[in-house]
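To start, the structure itself, in structure tokens.
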Amino acid sequence: MIPTRRTTPLSYAFYDRDPRKVARALLGKLLIRKLPGKILSGRIVETEAYLGEDDLAAHSAAGKTDRNSILFGPPGYAYVYFIYGNYYCLNVSCLPDGVAGGALFRAMEPVAGINEMAKARGIDLSVAGGAENVALLRRISSGPGRMCEALGVTRERDNGKSFVNTRSDLRIVDDGYRVSHVVVTARIGITKSADRPLRYVIRGNPFVSGARSAHSAQGVID
DNA sequence: GAGGAGATCGTCT
DNA sequence: GACGATCTCCTCT
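Convert by adding 702 to the 1-based position in the first sequence; the result is the number in our numbering.
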């Protein structure tokens with residue numbers, strides 16, 4: 703599924719709105735990491751919306767700190783945080799400067815630079831049927847921590863980076879791919895405000911994360 | 001295939 | 001000092 707169509711970078715205005723709309727609209731877009739001499743990319747298949755100060759599960763719920771200040775800044779910037787001593791998670795800020803909100807990238811389908819991303823994850827695609835083995839490909843970027851590891855995203859390197867600036871090495875583009883059905887479920891891995899339907903996944907896509915809980919979670923088709 | 005628990009450390013109180 | 005927007009390994013069925 704190499705993108706051959708013309709791609710359009712998402713604009714500042716795309717992110718300058720309700721995180722629920724942004725999270726929903728991000729599905730099907732291409733997340734691109736430009737590295738010297740190569741490009742890594744994947745199609746976004748799963749996101750979550752975090753609404754700001756009135757959403758107890760959001761990092762911004764307790765107010766602005768050094769850590770979460772990006773969420774309170776202008777839209778279209780990367781908010782990267784370190785979690786559980788091992789993993790990074792990547793968000794994009796939403797809503798106007800001064801209003802907290804963001805969308806978390808939870809899973810993507812590998813599109814380009816697959817071998818590099820697999821290598822970064824410590825996955826060997828040279829085994830029998832590796833490149834066509836969906837179970838193996840899932841392990842590359844089906845989960846927030848996995849995505850970041852595959853794309854080499856770290857807080858030191860990417861926190862506060864613009865998704866809109868044409869010189870940024872972290873971009874999101876629309877290649878014309880259209881999502882037919884979106885399933886909306888409760889968010890994963892949180893305890894506060896855990897029942898709010900703010901997780902968005904492409905229905906039937908094998909690359910979404912949380913397969914265990916996803917089977918039992920009640921989803922609403924949007 | 002499903003479920004449980006440990007690893008690991010930055011951030012906040 | 002406690003907790004956490006996770007992942008992987010291990011065990012059980």
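Where is the CB? At the ideal position from N, CA and C, for every residue including glycine.
Three-state secondary structure (DSSP) of residue i
i, result
"A721", "According to the sequence shown, residue 721 is Pro rather than Ala. Here P721 sits in helix by DSSP."
"F784", "strand"
"C791", "strand"
"Y879", "coil"
"R911", "Inspection of the sequence shows that residue 911 is occupied by Ser rather than by Arg. S911: coil per DSSP, three-state reduction."
"E755", "coil"
"L737", "strand"
"G775", "coil"
"R898", "coil"
"A715", "helix"
"V922", "strand"
"L732", "strand"
"G824", "coil"
"V886", "strand"
"R769", "coil"
"G854", "coil"
N- and C-terminal bounds of the beta strand (DSSP E) containing residue i
i, result
"I904", "R901 to I904"
"D876", "L872 to D876"
"G804", "G804 to A814"
"V829", "Counting along the chain, V829 falls outside any beta strand (DSSP E), and DSSP gives it neither H nor E."
Nearest candidate by alpha-carbon position, reference residue i, set the options
i, options, result
"R808", "N817, G824 and V782", "V782"
"H883", "V747, R905 and D860", "R905"
"R735", "V747, T767 and K863", "K863"
"R726", "V836, N907 and V903", "V903"
"Y693", "G815, V910, A751 and G847", "No answer is possible for residue 693: it lies beyond the span of the chain, which begins at 703 and ends at 924."
"E769", "N793, F716 and G854", "Correcting the residue type first, residue 769 is Arg in the shown sequence and not Glu. When each option's Cα is compared against that of R769, the closest is N793."
Closer than 6 Å: residue i CB and nearest the ligand ZN heavy atom
i, result
"I892", "Among the ligands in the structure shown, none appear at all, so the ligand ZN cannot be discussed."
Residue span of the alpha helix (DSSP H) that contains residue i, given as start and end
i, result
"R859", "R857 to D860"
"S843", "V836 to S843"
At least 3 beta-carbon pairs within less than 8 Å: the stretch 792–810 vs the stretch 711–730: Inter-segment contact for the stretch 792–810 and the stretch 711–730 is present: three or more beta-carbon pairs are separated by less than 8 Å.
At least three beta-carbon pairs within less than 8 Å, the stretch 869–879 to the stretch 730–745: Contact between the stretch 869–879 and the stretch 730–745 is present, because at least three Cβ pairs lie under 8 Å.
Any 3 or more C-beta pairs closer than 8 Å across the stretch 887–894 and the stretch 750–761: The answer is yes - the stretch 750–761 touches the stretch 887–894, with three or more Cβ pairs under 8 Å.
Three CB pairs or more closer than 8 Å across the stretch 858–866 and the stretch 837–849: By the Cβ criterion, the stretch 858–866 is not in contact with the stretch 837–849, since fewer than three pairs of Cβ atoms, one from each stretch, lie closer than 8 Å.
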